[in-house]
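**Q** For the sequence shown, the numbering used here begins at 908 and goes up steadily by one.
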Amino acid sequence: MPRFEYVEPEEADAFTRKLFDQVGMVPNLYCIMANSSTVFDGFLKLTRCLEAARLDKKLREMVYLL
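1) Measuring CB to CB, does residue 940 end up less than 8 Å from residue 950?
2) Would DSSP call residue 942 helix, strand or coil?
3) Could you tell me the distance, in whole angstroms, from the CA atom of residue 972 to the CA atom of residue 930?
4) Rounded to a whole number of angstroms, what is the C-alpha to C-alpha distance between residue 947 and residue 937?
5) List the endpoints of the continuous alpha helix (DSSP H) containing residue 933.
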């Protein structure tokens with residue numbers, strides 16, 4: 908029995924399904940975050956911002972961990 912519920916892309920609500928479509932390949936972590944579309948959307952926005960910022964790879968990884 909999993910400790911966290913997974914939201915499968917085909918079972919997600921319309922908003923979350925759009926987020927899954929934007930990502931393409933959906934890792935398990937994203938399926939867990941999709942339990943809250945607000946959290947999942949915020950995480951994807953943060954990820955895009957960090958990718959757009961010209962941070963050193965190590966620094967970007969440190970920011971992810973915070």
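We treat Cβ as the ideally placed atom computed from N, Cα and C, and that holds for glycine. The model shown is predicted, which means the values in this text are computed figures rather than measured ones.
**A** Answer, in terms of the structure:
1) Result yes, Cβ atoms of residue 940 and residue 950 sit closer than 8 Å.
2) In the structure shown, residue 942 falls within a coil segment according to DSSP collapsed to helix, strand and coil.
3) Spanning the alpha carbons of residue 972 and residue 930 requires a straight line of approximately 20 Å.
4) If you take the alpha carbons of residue 947 and residue 937, they lie about 7 Å apart.
5) Run containing residue 933: none; DSSP gives neither H nor E here.
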